[in-house]
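*Asks:* Quick one: the structure is below, and I'll ask about it shortly.
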Ligand SMILES: [Zn+2]
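In my numbering, the protein residues as written are 3 to 303.
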């Protein structure tokens, strides 16, 4: 049975009605799975919130304290893109812990999914692009404490570069970072991941899927990771508001299938986060993210 991690705080954020962040999608996906009996209640796990000290293990203490205490510089908040609120701190504490829990469950069950995550623009001492704390780095660092985990691959297929993940993993040989992203997209200034694959605007299914397969095969061969953290952002979709690639629904489903299949073939546990997805059509957005759960579920049988 596929473990799925979720917490109600993921969609509990008060934002202006015209805000671009798809606040409700986390709850919408959770509800869609239950309403359509695509998952049963026993599959769901809820994270405990990460403490201030937990988060300071990966982020600058001053940054973390200023967020917890609401003494943060307004300029720093503007770069994150959210107004400060108690709810935002509460949500961020759960989402960072949720990815760590997903990684733990993946190590136990082979695979697991987090119904948020992929806050890859969060850097050591500042957040940006809707990312407060870097859940991928936090999960990798936590997983590396396990006796059988010597290295973790962060395989980031969100359309935006995982710049915060890249900078935070620099100097840590146990965390291998790979970002496949559209070169002409946020962030304007790219960081240096261990592997950066820049895709041209308008890249379509065949080229994209061949690149994903070739890259992941190479990384597995070179590094033999003990765990894969997979950012399955669907902002690669041709109709996404913030992406410039030309990938259709089928392409997303094939990508997710490919990544899970390769992990299974090589007996590597895989923890997936749903990542970005910014279509304003809620039903379409749910379906795009649902691909991930569907593909992972099929491989559990
Ligand atoms: Zn993105």
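For every residue, glycine included, the Cβ atom is placed at its ideal position computed from N, Cα and C.
Less than 6 Å between the CB of residue 268 and some heavy atom of ligand 1, yes or no?
*Replies:* Residue 268 sits at position 266 when you count from the first residue of the chain shown. Residue 268 Cβ: outside cutoff for every heavy atom of ligand 1.
*Asks:* I'd like the span of the alpha helix (DSSP H) that includes residue 111, first residue to last.
*Replies:* On the chain shown, residue 111 is found 109 positions in, with the first residue counted as 1. Residue 111 -> alpha helix (DSSP H) spans 88-111.
*Asks:* For residue 254 and residue 141, I'd like the C-alpha separation in whole angstroms.
*Replies:* Taking the first residue of the chain shown as 1, we reach residue 254 at position 252. Taking the first residue of the chain shown as 1, we reach residue 141 at position 139. Cα-Cα distance, rounded: 24 Å.
*Asks:* Hey, how far is the Cα of residue 304 from the Cα of residue 267?
*Replies:* Outside the displayed span of the chain (3 to 303) sits residue 304, for which this structure offers no information.
*Asks:* Would you kindly work out how many angstroms separate the C-alpha atoms of residue 96 and residue 223, rounded to a whole number?
*Replies:* Along the chain shown, read from residue 1 onward, the residue named residue 96 stands at position 94. Along the chain shown, read from residue 1 onward, the residue named residue 223 stands at position 221. So the alpha carbons of these two residues sit roughly 34 Å apart.
*Asks:* Our contact map puts residue 265 next to residue 115 with C-beta atoms below 8 Å; I'd like the distance itself, whole angstroms only.
*Replies:* Mapped onto the chain shown, residue 265 falls at position 263. Mapped onto the chain shown, residue 115 falls at position 113. Actually they do not touch by this definition, with Cβ atoms about 13 Å apart.
*Asks:* Nearest by alpha-carbon distance to residue 293: which of 158, 256, 68 is it?
*Replies:* As a first step, residue 293 must be located in the chain shown, where it is residue number 291. Measuring from the Cα of residue 293, the nearest candidate turns out to be 256.
*Asks:* Using C-beta distances below 7 Å, list every residue in its chain close to residue 105, excluding the 5 sequence neighbours before and after it, in chain order.
*Replies:* Position 103 of the chain shown, counted from the start, is the residue given in the question as residue 105. Cβ within range, chain order: 141, 144, 145, 229, 231, 273.
*Asks:* Give the residues whose C-beta lies closer than 7 Å to at least one heavy atom of ligand 1, in chain order.
*Replies:* 160, 161, 162, 235, 237, 244, 277, 278
*Asks:* Looking only at C-alpha atoms, which of 28, 156, 260, 201 sits nearest to residue 175?
*Replies:* Counted from its first residue, the chain shown places residue 175 at position 173. Comparing Cα positions, the closest option is 156.
*Asks:* Residue 200 by DSSP, collapsed to three states: which one?
*Replies:* Here the question's residue 200 lines up with position 198 in the chain shown. Three-state result, residue 200: strand.
*Asks:* Return helix, strand or coil for residue 276, following the three-state DSSP convention.
*Replies:* Locating residue 276 in the chain shown gives position 274, where the first residue counts as 1. Three-state result, residue 276: coil.
*Asks:* With C-beta atoms as the reference, is residue 138 less than 7 Å away from residue 123?
*Replies:* Translated into the one-based positions of the chain shown, residue 138 becomes position 136. Translated into the one-based positions of the chain shown, residue 123 becomes position 121. Result no, Cβ atoms of residue 138 and residue 123 do not sit closer than 7 Å.
*Asks:* For residue 291, report the span of its alpha helix (DSSP H) as first-last.
*Replies:* Mapped onto the chain shown, residue 291 falls at position 289. First-last of the alpha helix (DSSP H) with residue 291: 284-300.
*Asks:* Taking contact to mean 3 or more Cβ pairs, one atom from each stretch, closer than 8 Å, check whether the stretch 195-211 and the stretch 235-255 are in contact.
*Replies:* yes
*Asks:* Within the stretch 139-194, note down every full beta strand (DSSP E) run reaching 3 residues or more, in order along the chain.
*Replies:* 154-158, 177-184
*Asks:* If you reduce the DSSP assignment to three classes, tell me which class residue 206 lands in.
*Replies:* For this step, residue 206 is matched to residue 204 along the chain shown. Residue state, collapsed to three classes: strand.
*Asks:* Under DSSP, the alpha helix (DSSP H) around residue 126 begins and ends at which residues?
*Replies:* Taking the chain shown and counting its residues from 1, one reaches residue 126 at position 124. Careful: residue 126 lies outside any alpha helix (DSSP H) and carries neither H nor E.
*Asks:* What do you get for residue 23, buried or exposed, if any count of 16 or more other CB atoms within 10 angstroms of its CB means buried?
*Replies:* Mapped onto the chain shown, residue 23 falls at position 21. Exposed, because fewer than 16 other Cβ atoms sit within 10 Å of the Cβ of residue 23.
*Asks:* Quick one: what's got a C-beta closer than 6 Å to residue 11's C-beta in the same chain, skipping five residues either side?
*Replies:* Translated into the one-based positions of the chain shown, residue 11 becomes position 9. Excluding sequence positions up to five before and after residue 11, its CB lies within less than 6 Å of the CB of 92, 93, 96, all in the same chain and listed in chain order.
*Asks:* Using a Cβ-Cβ cut-off of 7 Å (strictly less than) and excluding sequence neighbours within five positions of residue 78, which residues of its own chain qualify?
*Replies:* Stepping through the chain shown from its first residue, residue 78 is reached at position 76. Result list for residue 78: 128, in chain order.
*Asks:* Locate the beta strand (DSSP E) running through residue 231, then write down its first and last residues.
*Replies:* Residue numbering aside, residue 231 sits at position 229 when the chain shown is read from its first letter. Note, residue 231: beta strand (DSSP E), 229-233.
*Asks:* In whole angstroms, what separates the C-alpha of residue 284 from that of residue 117?
*Replies:* To locate residue 284, count along the chain shown from 1; it is residue 282. To locate residue 117, count along the chain shown from 1; it is residue 115. Spanning the two alpha carbons is a distance of roughly 15 Å.
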